[in-house]
Amino acid sequence: MTQEAPYGAWASPISIDLLLQGGVDLGLPRWDGADLYWTEARPLEAGRQVIVRRSAEGVTSEVTPPSFNARTRVHEYGGGHYAVSGGVVWSVNFDDQRLYRIDPGAGPRPITPAADIRHADLLFDPRRNRIFAIREDHTTSASEAVNTLVALDAAGKRDALTVVFGDDFYSSPALSPDGRRLAWLVWDHPNMPWDGTELWLGELDGQGVVRSSRRIAGGPSESIVQPRWSPTGELYFISDRSQWWNLYRARGEGDEPVCPRTAEFATPQWGFGMSHYDFLGADELVCIYWHAGSSKLARIDLHTGKLSPVDLFYAELGNVQVSGRKAAMTAASPTLSKRLLVLDLDTGAEDVVKASATAHIDPSYFSIPRAIEFPTEDGHTAYAFHYAPKNKDFAAPAGAMPPLIVLCHGGPT
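Sequential numbering of the sequence shown, starting at 35, is according to our numbering.
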């Protein structure tokens, strides 16, 4: 029975303890063939991050031991701290920031020296058995850490090879399918990656050394993120040159928009390893895009640019990765906690691999947000979500108005 009470006096069954019950934060899904890997940040273990694997047969196991915290401190926000290929995992350990190799059935073995050097955005090069990584070196006499793009021997038997150097920051190494070309992003002070970045392309020799390179897109006022190669060897990226982060395809001396739209196909690059699109064969890609504050999943025909939304219940999607005809991603909604989801792109079947919270809360206690927009200074428009008071057990007195609590983020994004 509904009870009348003023706003602010409604008793709620939702407590902090209930929300944290069995809770983890899920992220960075990665495929290795039909095996799926991801990370779990566990509040009950002081936030330790664990790499977890689910085999093709559906068996789940922890890859990293209890003493291992899979996390990098590059740019402090980290991300992109592990890579996997053929059952072998390479991961940064938070405590010493060394990069470790973890073979199936074996414990972690360091492949970088014990020094104040950090790595992120790991990318395995199968032809040369090495790991491309962004290196943040704190051992130099410079006033701040020196960032470079390096290649590390995957077994730790040879010294690191510096691939690219000279700019203030690097991210997003992307290797072409034939292993002959490497793309990467750079930016310099005072820019942040959402202000302006440059996309560079290098030609590699047989030993993987960059013999020539050129800037192919971007600049101090254009933010480019997430370069990625298609299965046919075409380079794609996301740029905000239209004031919206849209997908582009590099073509010779120029590039072309894939699917022009007043929507965002990326979010600000606060960390490494972000993935908002992946290829579904040579003719199609799967992407996440944002409109009116909510994210949606879609398929894009690479020949026509046609965007076909995929009907999902979720309103917040992230880190999509494709293997075969399946896409793994994180997903959440106003009434469902974040979960790791595998979607069959042919049948639409959803497989919830794991949910971030185990507690069940009656959805009738949740306020479903309404997207609103309003004019602000200089002719701009501001966007927000409005959450009306909601509790199935209570109602306010007739004519009463609830207090308005405004939460805003000061930026920079």
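Ideal Cβ positions, reconstructed from N, Cα and C, are used throughout, including at glycine.
In the pairwise beta carbon analysis, the segment 165-175 is classified as touching the segment 183-198: at least three pairs are separated by under 8 Å. Rounded to the nearest angstrom, the gap between the Cα atoms of threonine 338 and phenylalanine 199 is 38 Å.
In this structure, the alpha-carbon of proline 147 lies about 17 Å from that of threonine 182.
Ranked by Cα distance from asparagine 225, the options Gly240, His394, Pro254 are led by Pro254. At a cut-off of 3 residues, the continuous stretches assigned as beta strand (DSSP E) that sit fully inside the segment 73-157 are 82-88, 94-96, 116-119, 122-126, 133-136. Under DSSP, lysine 360 shares a beta bridge with Ser357, Asp378. Taking a cut-off of 8 Å on C-beta distances, the segment 155-162 does not touch the segment 97-105, as fewer than three cross pairs fall below it.
Taking a cut-off of 8 Å for Cβ pairs, the segment 363-377 and the segment 389-404 touch, as three or more such pairs fall below it.
Taking C-beta atoms as the reference points, leucine 351 and alanine 362 fail to come closer than 9 Å. Counted as a single uninterrupted DSSP element, the beta strand (DSSP E) harbouring aspartate 187 occupies residues 180-187. Here the segment 266-279 makes contact with the segment 238-258; the two share three or more CB pairs at distances below 8 Å.
If you draw a straight line from the Cα of serine 398 to the Cα of phenylalanine 428, it is about 12 Å long. Residue environment analysis places proline 77 among the exposed positions, since fewer than 16 neighbouring C-beta atoms fall within 10 angstroms of its C-beta. Between the segment 308-318 and the segment 262-272 there are three or more C-beta pairs closer than 8 Å, enough to call the two in contact. Between leucine 319 and tyrosine 282, the gap from beta carbon to beta carbon reaches 9 Å or more. Taking a C-beta distance under 9 Å as the contact criterion, aspartate 66 and glycine 141 do not qualify as a contact pair. Close CB contacts of tryptophan 304 within its chain, under the 6 Å cut and outside five residues either way in sequence, are with Tyr111 (chain order). With contacts defined as CB atoms closer than 9 Å, arginine 333 and valine 344 qualify as a contacting pair.
Nearest in C-alpha terms to arginine 248, of all of Val220, Ser257, Gln241, Gly230, is Val220. Straight-line spacing of the CA atoms in proline 207 and glutamine 37 works out to 58 Å.
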